[in-house]
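Below: the structure, in C-alpha cells.
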C-alpha cells in the first residue's frame, strides 16, 4: 500500500520517529486536555492539576515548535520544491499536523503570560479550552488523512474495485 509522507515519517526509524513526532506531542496534548476538563468542571484555577496543565501546555508548545521548524526544513520545503507531494491526502495530513503549532503555540503563549495579559481568569480559561479543542480537531484530521492511501484522492487514479463497473 502507498503511504502518505505523514505515515512514512511515523513508520521510519522505529520506534524513534513514532515517539518524537507522535507520542511526545500527543501525550503532552492529552495531558493538557484531560487536566483541562477537571479544571473546567471544578473552576479550580490553581493547585496541582493546573500546574500539570500549565507545564504540559508550555512544554508541548515549545517542543512542537521544534518539530514544526524541523519538518518545515526537512520535509515541507523540499517536498514542495521538488513536487514530491503524493496528492491531496498527503498535503492535508502534513498540513493539518503542522497546523497544530497554532493552538499549541497559543496555549504556550497564554500560559507564559505573553498574550491576553489583561484578561480575567475566566476568559483565559475559555481561550485555553478553545485552543485544546482546535488542537484535537487538527490532530485527528491529520491522523485520518495520514492513514489513507494517498492515491485515493488523486484524480487520475482509478478507484479500487470500480474499474469494471458501468454506470
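Numbering (this note's numbering), first residue to last: 83 to 249. Don't be surprised by glycine CBs; every beta carbon is placed ideally from N, CA and C.
Please classify residue i as buried or exposed, where buried requires at least 16 neighbouring CB atoms within 10 angstroms.
{"i": "residue 222", "result": "exposed"}
{"i": "residue 83", "result": "exposed"}
{"i": "residue 110", "result": "buried"}
{"i": "residue 118", "result": "buried"}
{"i": "residue 241", "result": "Its pLDDT being 46, under 50, residue 241 is placed unreliably by the model, and the measurement read from it follows with that caveat. By the neighbour-count rule (16 or more Cβ atoms within 10 Å), residue 241 is not buried but exposed."}
{"i": "residue 129", "result": "exposed"}
{"i": "residue 230", "result": "buried"}
{"i": "residue 142", "result": "buried"}
{"i": "residue 228", "result": "buried"}
What's the gap between the Cα of residue i and the Cα of residue j?
{"i": "residue 200", "j": "residue 187", "result": "19 Å"}
{"i": "residue 108", "j": "residue 122", "result": "20 Å"}
{"i": "residue 133", "j": "residue 168", "result": "42 Å"}
{"i": "residue 226", "j": "residue 149", "result": "20 Å"}
{"i": "residue 219", "j": "residue 178", "result": "9 Å"}
{"i": "residue 144", "j": "residue 189", "result": "10 Å"}
{"i": "residue 183", "j": "residue 236", "result": "27 Å"}
{"i": "residue 89", "j": "residue 125", "result": "39 Å"}
{"i": "residue 100", "j": "residue 85", "result": "15 Å"}
{"i": "residue 160", "j": "residue 204", "result": "43 Å"}
Do residue j and residue i have their beta-carbon atoms positioned less than 8 Å apart in this structure?
{"i": "residue 157", "j": "residue 87", "result": "yes"}
{"i": "residue 193", "j": "residue 139", "result": "yes"}
{"i": "residue 175", "j": "residue 105", "result": "no"}
{"i": "residue 120", "j": "residue 127", "result": "no"}
{"i": "residue 207", "j": "residue 198", "result": "no"}
Please identify the residue among the options whose C-alpha is closest to the C-alpha of residue i.
{"i": "residue 113", "options": "135, 185, 173 and 93", "result": "135"}
{"i": "residue 181", "options": "213, 165 and 196", "result": "213"}
{"i": "residue 102", "options": "152, 209, 116 and 185", "result": "152"}
{"i": "residue 185", "options": "147, 162 and 195", "result": "147"}
{"i": "residue 233", "options": "172, 95 and 216", "result": "172"}
Runs of alpha helix (DSSP H) wholly within the stretch 147 to 196 (minimum 4 residues, chain order): 159 to 164, 170 to 181 and 183 to 193
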